[in-house]
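Some notes on the structure that comes next.
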Amino acid sequence: MTMMAAPIRLDYVFTPGVAQSTNLHGLERGVFIGQRCPKCQKVYTPSRGSCPVDGVPTEEIVELPNTGTVTTYCVVNVPFAGQAIEIPYICAQILLDGANISFMALIQEIPLAEIRMGLRVEAVWVEPEDLGPTMASVRYFRPNGEPDAAFETYKEYL
Amino acid sequence: MTVFPPLTSGRRPVGVVSFAQHDNVRREGRRNDVEMLMPVVAEVFGNIGITKDDVGFICSGSTDYLVGGPFSFVAALDAVGVWPPRAESHVEMDAAWALYEAWVLLQEGQIDAALVYGFGRSSPGNLSEILALQLDPYYMAPLWPDPTSLAALQGQALIDAGLATEADFAAVASRARRAALANPHAQVAYDRSAEDLLREQYEVAPLRRHALPPLSDGCAAIVLAAGDRAYELCERPAFITGIDHRLEAHAIGARDLTRSPSTELAGQKAGVAKGSVDVAELHAPFAPQELILARALGLGADVDISPSGGALAANPLMSAGLIRIGEASRAIWSGRADRAVAHATSGPCLQQNLVCVLEGA
């Protein structure tokens with residue numbers, strides 16, 4: 160015998176935790192939720208329940224707006240297994256207004272050549288009846304027409 | 090003048106100065122690991138009035154297999170807060186081994202205090218399947234033997250060798266669960282006689298329900314401090330005078346399951362027999378294993394074994410071994426013991442064992 164197959168599959172019940180549950184329920188309502196650290200005042204979205212800098216609970220819940228800034232981005236040109244979106248497309252880090260951490264999201268409704276750092280964007284949500292406790296509730300972000308944000312406003316988040 | 094007990098292992102006295110543990114529950118479905126760990130870390134520091142800035146090293150024990158998510162041990166650092174950057178390490182083992190790593194680093198003399206924590210929930214997945222994956226991948230794991238069946242083989246081997254009876258297993262469980270009534274963190278505690286327990290049905294013969302550990306979600310943390318720093322933080326530190334860990338063959342068929350040669354050797358190296366033992370906290374998830382461990386360590390009838398109830402009272406994976414060291418340390422702090430032994434195990438049928446001797450000066 161030169162080879163053996165040993166199929167392994169494990170199933171888990173995922174516990175998002177109190178903080179992430181708050182965030183997921185926000186997405187269900189079409190709202191981004193952040194949590195503020197009582198020590199450093201930074202707002203995390205989503206929060207994992209703790210400030211990773213100070214190690215204390217981030218208990219203050221903050222509703223964040225629909226708008227943010229592209230801090231950095233990537234134009235995806237390479238096909239890969241399991242690709243859900245037709246290439247090429249733009250993947251960007253978005254810093255929501257009032258948040259102190261960025262997250263990755265899809266950017267649409269802009270020519271590839273015009274994507275840039277500092278671009279002001281807004282979230283486009285799925286139809287209200289399709290909202291759920293998942294980031295899939297956000298279809299993508301698109302330019303919101305505001306002038307670009309100054310580099311100074313997001314340089315800490317690169 | 091500061092007094093330290095003579096050391097069998099190492100050259101620098103290192104003591105357990107603080108210990109905290111989460112309540113052990115069957116299923117913590119609300120909070121995630123980080124949210125469970127945060128209050129425990131806050132308590133272990135708060136007990137002795139220090140912060141994360143006062144420890145020079147952080148070491149944790151956990152396994153991603155339990156939650157089914159990658160790098161859960163990195164995420165867990167959020168419970169401590171690691172900015173500015175900290176010296177930190179992790180073992181994919183019970184946190185008793187993380188404590189060992191911290192003890193080694195403290196021996197080198199660069200730092201004076203360290204935080205050790207372990208966390209793991211049994212509830213997110215099917216533990217019988219998850220634990221089968223620690224077995225050898227060619228001959229054992231494809232059979233998916235569950236931990237209870239493997240422990241039953243060990244129990245049956247004891248019976249066949251004439252070393253124990255089912256009544257002995259019941260006596261262990263009866264004593265442990267009665268002791269657990271005084272442990273506020275215990276998950277399973279009751280006052281039932283061995284005769285009563287023997288009326289239970291077999292789970293896997295020769296093991297009845299009472300001989301099995303509970304499935305626990307929990308976590309625990311300890312602070313170690315060296316030399317004079319230990320006395321600054323604790324009136325009567327539980328000094329680690331001996332510590333050692335040993336491993337047996339991976340193949341269960343290659344082992345004599347009726348004894349634990351790795352525990353015997355670790356016990357010798359840690360100097361267990363160099364003095365009388367007041368308290369021994371043994372990490373024996375299945376009742377027959379306590380009998381094997383007590384014999385391997387040469388513990389007589391006068392030794393108070395697992396007054397916390399041991400792993401039969403609560404068995405939070407990846408921290409149940411560390412908790413044995415914490416419970417033994419509490420016995421030293423309170424003056425209930427002058428010399429205590431703590432033991433941690435890992436792997437099927439006591440494959441790997443750590444023995445730690447703790448003494449008050």
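Line order of the protein sequences matches chains A and B. Here the working numbering is used: the first residue of the first sequence is 160, the next is one more, and so on. Here the working numbering is used: the first residue of the second sequence is 90, the next is one more, and so on. Note that CB positions come from ideal geometry on N, CA and C, so glycine has one too.
Quick check on residue i: does DSSP put it in helix, strand or coil?
i	result
B/S151	coil
B/A355	helix
B/P231	helix
B/P128	helix
A/G227	strand
B/T330	strand
B/L447	strand
A/T181	helix
B/F146	strand
A/D256	coil
B/A269	helix
A/T312	helix
B/Y279	coil
A/E273	helix
A/G304	coil
A/I246	coil
A/G176	helix
A/F262	strand
B/A204	Going by the sequence as given, residue 204 of chain B is Leu instead of Ala. If DSSP states are grouped into helix, strand and coil, B/L204 belongs with the strands.
B/E289	coil
B/L301	coil
A/R168	coil
A/R279	strand
B/A429	strand
Run through the DSSP bridge pairs and tell me what residue i is partnered with.
i	result
B/Q110	B/A309
B/G209	B/G307
B/R344	Answer is none; B/R344 lacks a bridge partner.
A/W284	A/V297
A/E222	A/I192
B/D393	B/V368
A/Y232	A/A251
B/I219	BP columns for B/I219 are empty, so no partner.
B/G415	Paired residues: none, contrary to the question.
B/Q441	B/L336, B/S435
B/H179	B/S149
B/L296	B/V293
A/V202	A/R195
Any C-beta of chain A sitting closer than 7 Å to the C-beta of residue i?
i	result
B/W233	no
B/R120	yes
B/G135	no
B/M407	no
B/V205	no
B/E181	no
B/W186	no
B/G389	no
B/P213	yes
B/V123	yes
B/D167	yes
B/G170	yes
B/G307	no
B/M229	no
B/G157	yes
Any beta carbon from chain B within less than 7 Å of residue i's own beta carbon?
i	result
A/A165	yes
A/L223	no
A/Y171	yes
A/G176	yes
Residue i and residue j: beta carbons closer than 7 Å?
i	j	result
A/V234	A/I249	yes
B/D72	B/A433	The question about residue 72 of chain B has no answer here: the residues shown for chain B are numbered 90 through 450.
B/G244	B/I311	no
B/F328	B/P102	yes
B/P302	B/L386	no
B/L286	B/S263	yes
A/M281	A/N225	First, the residue type needs correcting, since residue 281 of chain A is Glu and not Met in the sequence shown. Closer than 7 Å, so yes.
A/R279	A/N303	yes
A/S209	B/A168	yes
B/A355	B/V446	no
A/P205	A/N182	yes
B/G207	B/L411	yes
B/T395	B/L371	The residue you asked about is not Thr; residue 395 of chain B is Ser in the sequence shown. In contact: B/S395 and B/L371 (Cβ atoms closer than 7 Å).
How about residue i: is its Cβ closer than 6 Å to a heavy atom in the ligand FAD?
i	result
B/F108	The ligand FAD is absent from the structure shown, which contains no ligand whatsoever.
Requested in this report: Note down, in chain order, all residues in the region 193-219 of chain A with a beta-carbon under 8 Å from any beta-carbon belonging to chain B.
Outcome: R207, G208, S209, C210, P211, V212, D213, G214, V215, P216
Query raised in the report: Which residues, taken in chain order from the region 351-372 of chain B, show a beta carbon closer than 8 Å to some beta carbon of chain A?
Result: none
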